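A.B. asks:
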Amino acid sequence: FFMVNTETMDNTDQPNSLYHVDPICMYPLQSTDTKNLPFGLLTGENKVHCGKSVDGAILITNYRLYLQNGKNHYHIPLGLIEVVEPRELFYLHIGCKDARTYKCTFENNEECLEWYNRIVKAAEPSRDIKQLFAFYHFFWSKQKDYDEVIRRLENQRRYTFDKEMFANEMIRLQFEGDSWRISKVNENYKLCPTYPPYLLVPSCINDDVLENVAKFRSSRRIPAAVWRHTRNGAVIARCSQPEVGWLGWRSDHDEELIKAISAACNFDRSQRANFEKESNLSHSPGSLHSDDSLQFTNEINQTEKKVLIMDARSYTTAVANRARGGGCECPEYYPNCEIQFMNLANIHSIRKSFHALRQLCTSSADQPNWFSQLEGTRWLQHMSGLMKAALTLVTAVERDERPVLVHCSDGWDRTPQIVALAELLLDPYYRTIDGFRILIEREWLG
Numbered sequence: 001f002f003m004v005n006t007e008t009m010d011n012t013d014q015p016n017s018l019y020h021v022d023p024i025c026m027y028p029l030q031s032t033d034t035k036n037l038p039f040g041l042l043t044g045e046n047k048v049h050c051g052k053s054v055d056g057a058i059l060i061t062n063y064r065l066y067l068q069n070g071k072n073h074y075h076i077p078l079g080l081i082e083v084v085e086p087r088e089l090f091y092l093h094i095g096c097k098d099a100r101t102y103k104c105t106f107e108n109n110e111e112c113l114e115w116y117n118r119i120v121k122a123a124e125p126s127r128d129i130k131q132l133f134a135f136y137h138f139f140w141s142k143q144k145d146y147d148e149v150i151r152r153l154e155n156q157r158r159y160t161f162d163k164e165m166f167a168n169e170m171i172r173l174q175f176e177g178d179s180w181r182i183s184k185v186n187e188n189y190k191l192c193p194t195y196p197p198y199l200l201v202p203s204c205i206n207d208d209v210l211e212n213v214a215k216f217r218s219s220r221r222i223p224a225a226v227w228r229h230t231r232n233g234a235v236i237a238r239c240s241q242p243e244v245g246w247l248g249w250r251s252d253h254d255e256e257l258i259k260a261i262s263a264a265c266n267f268d269r270s271q272r273a274n275f276e277k278e279s280n281l282s283h284s285p286g287s288l289h290s291d292d293s294l295q296f297t298n299e300i301n302q303t304e305k306k307v308l309i310m311d312a313r314s315y316t317t318a319v320a321n322r323a324r325g326g327g328c329e330c331p332e333y334y335p336n337c338e339i340q341f342m343n344l345a346n347i348h349s350i351r352k353s354f355h356a357l358r359q360l361c362t363s364s365a366d367q368p369n370w371f372s373q374l375e376g377t378r379w380l381q382h383m384s385g386l387m388k389a390a391l392t393l394v395t396a397v398e399r400d401e402r403p404v405l406v407h408c409s410d411g412w413d414r415t416p417q418i419v420a421l422a423e424l425l426l427d428p429y430y431r432t433i434d435g436f437r438i439l440i441e442r443e444w445l446g
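In this text, residue positions in the sequence shown follow UniProt numbering: the first is 1, and each later residue adds one.
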């Protein structure tokens with residue numbers, strides 16, 4: 001970062017002096033006073049508000065909300081706070097995204113409302129991503145012990161889903177054959193701003209086709225492979241709904257891409273079958289039955305497998321989306337596909353159910369109808385439906401050896417839930433720390 005010294009500029013309007021400005025200046029700490037704090041601050045963390053409640057102490061930093069209730073201490077990251085509500089004039093109800101709730105009581109309504117506004121403002125997501133606490137922590141860590149930070153970062157594996165990690169996953173899942181390729185069509189996020197820069201597509205599909213498919217899919221989220229079964233070649237792909245509309249629009253390029261995914265999987269399976277036939281071919285020269293010793297110990301079914309299009313919505317919801325320009329695939333246009341609806345609720349229903357569950361968990365467990373109220377939240381039904389959908393995907397890939405394309409309306413929320421859960425069931429690597437971080441980066445963040 002540099003600052004121009006305008007006082008030393010000559011008539012040519014060209015700067016002849018530059019001042020170096022340390023990046024740390026962009027992340028000033030509001031308070032460096034750490035006296036009498038009940039806990040140690042993280043590097044880059046600073047105290048914003050400090051006070052007392054009826055129960056003990058309350059403190060807000062640029063990273064956490066701290067509550068003290070007698071001998072109990074609660075550290076709540078600001079990003080974990082979902083809802084703050086003033087109740088009964090004197091206390092605040094704080095609900096978190098992990099279903100935990102907290103209660104903080106004040107002496108009067110004025111203090112309660114003052115801390116309500118402070119917490120809401122602190123927990124509100126910043127519009128500028130560079131003002132997140134992670135940047136404060138990074139730059140102030142460099143300021144305090146730069147060599148230690150560099151050493152720690154060099155020893156830590158990178159988990160951003162960059163080209164190197166993409167290529168490593170492609171090799172691990174054995175995508176390196178002639179059937180698949182890495183497309184850079186979204187390298188600058190021009191094709192789809194919510195997709196990663198590198199996409200895994202059939203090698204016979206060029207980038208021009210992908211551009212046309214993006215016009216037909218909601219939010220331009222095209223079908224792209226994310227996982228491959230290394231034994232049978234079946235892949236898991238994800239996308240968003242097609243923009244069919246009431247008039248039943250179709251896209252030849254979209255149909256071509258889905259067909260190419262099926263063809264690539266069938267080609268991989270046939271290659272694998274040929275390899276197994278060659279490896280199982282036995283011949284014993286010199287034996288009495290040498291002419292009969294040429295035999296295949298395994299018979300491989302070479303029939304073409306249809307793509308299972310797994311729509312996370314109900315059929316009624318999918319058809320209703322046609323009024324808003326969406327919809328679902330028409331079976332007549334995708335003869336090599338089978339469409340199955342999972343009947344999963346949308347994000348609004350899930351949020352309502354979760355809030356009801358969280359409220360129930362804060363109530364007394366001595367209620368005689370507690371389990372009836374739990375049933376009324378429908379949370380267990382939603383979780384059961386999600387697990388059934390993931391199991392359907394696993395069965396199709398593992399047992400039936402079929403490629404599966406998963407989508408809902410926009411291709412997020414329900415889609416990554418199904419795909420990520422199925423990949424955890426199918427691939428033991430994702431049940432390790434390193435693998436799980438890659439899974440989260442690819443399916444949720446990338």
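No residue lacks a Cβ here, since even glycine has one placed at the ideal position from N, Cα and C.
Remember, predicted model here, so these are calculated numbers, not experimental data.
Tell me whether P335 is buried or exposed, calling it buried when 16 or more other Cβ atoms sit within 10 Å of its Cβ.
C.D. replies: Exposed, by the Cβ-count rule.
A.B. asks: Is it true that the CB of Q241 sits closer than 8 Å to the CB of G376?
C.D. replies: No, Cβ-Cβ distance for G376 and Q241 is not below 8 Å.
A.B. asks: Taking V54 and T105 to be in contact with their CB atoms under 8 Å, please state how far apart those CB atoms are, rounded to whole angstroms.
C.D. replies: About 4 Å; that satisfies the 8 Å criterion.
A.B. asks: I need the straight-line Cα distance from H49 to E114, nearest angstrom please.
C.D. replies: Going from the Cα of H49 to the Cα of E114 covers about 11 Å.
A.B. asks: What residues in its chain sit with their C-beta under 8 Å from that of R399, if we drop five residues either side in the sequence?
C.D. replies: Cβ neighbours of R399 beyond the five flanking positions: none.
A.B. asks: Touching or not, the segment 370–389 and the segment 210–219, by the rule of three or more beta carbon pairs under 8 Å?
C.D. replies: The answer is no - the segment 210–219 does not touch the segment 370–389, with fewer than three Cβ pairs under 8 Å.
A.B. asks: State the CB to CB distance for the pair T43 and W140, rounded to an integer number of angstroms; the pair is presumed to be in contact (CB under 8 Å).
C.D. replies: Right, the Cβ-Cβ distance comes to about 5 Å (below 8 Å), so this counts as a contact.
A.B. asks: Once the 5 residues before and after C96 are set aside, which same chain residues still bring their CB inside 8 Å of it?
C.D. replies: Closer than 8 Å at the Cβ level, and outside the excluded window around C96, lie I76, L80, I81, E82 and Y102.
A.B. asks: Just reading off the beta strand (DSSP E) that K103 is part of, what are its end residues?
C.D. replies: Where K103 is concerned, the enclosing beta strand (DSSP E) stretches over T101 to T105.
A.B. asks: Whole angstroms are fine: how far does the CA of Y74 sit from the CA of C112?
C.D. replies: Using only the alpha carbons, I get a separation of about 19 Å.
A.B. asks: For V48, report the span of its beta strand (DSSP E) as first-last.
C.D. replies: Run containing V48: K47 to K52, per the beta strand (DSSP E) assignment.
A.B. asks: Tell me whether the beta-carbon of L439 lies closer than 8 Å to the beta-carbon of A420.
C.D. replies: Going by C-beta atoms, L439 is nearer than 8 Å to A420.
A.B. asks: Provide the residue(s) that pair with F341 in DSSP beta bridges, ordered along the chain.
C.D. replies: Note: F341 sits in a beta bridge opposite D311.
A.B. asks: Which residues in the same chain as residue 450 place their Cβ atom closer than 6 Å to its Cβ, once the five residues preceding and following it in sequence are excluded?
C.D. replies: In the structure as shown, the chain starts at 1 and stops at 446, and residue 450 therefore has no counterpart that could be examined.
A.B. asks: For Y116, I'd like the list of residues in its chain whose CB is within less than 7 Å of its CB, leaving aside the five on either flank, ordered along the chain.
C.D. replies: Taken in chain order, the residues that qualify are V84, P86 and L92.
A.B. asks: Give a yes or no on contact between the segment 402–418 and the segment 364–384, applying the rule of three or more CB pairs nearer than 8 Å.
C.D. replies: At 8 Å Cβ cutoff, the stretches do not touch.
A.B. asks: In this structure, does DSSP put E82 in helix, strand or coil?
C.D. replies: In the structure shown, E82 sits in a strand (DSSP, three-state: E or B).
A.B. asks: For N72, write down the residues that DSSP places opposite it in a beta bridge.
C.D. replies: Partner(s): N69.
A.B. asks: Is DSSP giving Y333 helix, strand or coil here?
C.D. replies: Coil, per DSSP.
A.B. asks: Since P202 is in the beta strand (DSSP E), which residue starts that stretch and which ends it?
C.D. replies: Taken as a continuous stretch (DSSP letters only), the beta strand (DSSP E) holding P202 covers L199 to P202.
A.B. asks: Under 8 Å between the Cβ atoms of R402 and V319?
C.D. replies: No, they are not a contact pair.
A.B. asks: Below 8 Å, can you find three or more Cβ-Cβ pairs linking the segment 261–271 to the segment 161–179?
C.D. replies: A contact exists between the segment 261–271 and the segment 161–179.
A.B. asks: Using a 10 Å radius around the Cβ and a threshold of 16 neighbouring Cβ atoms, would you call A225 buried or exposed?
C.D. replies: With 16 or more Cβ atoms within 10 Å of its Cβ, A225 is classed as buried.
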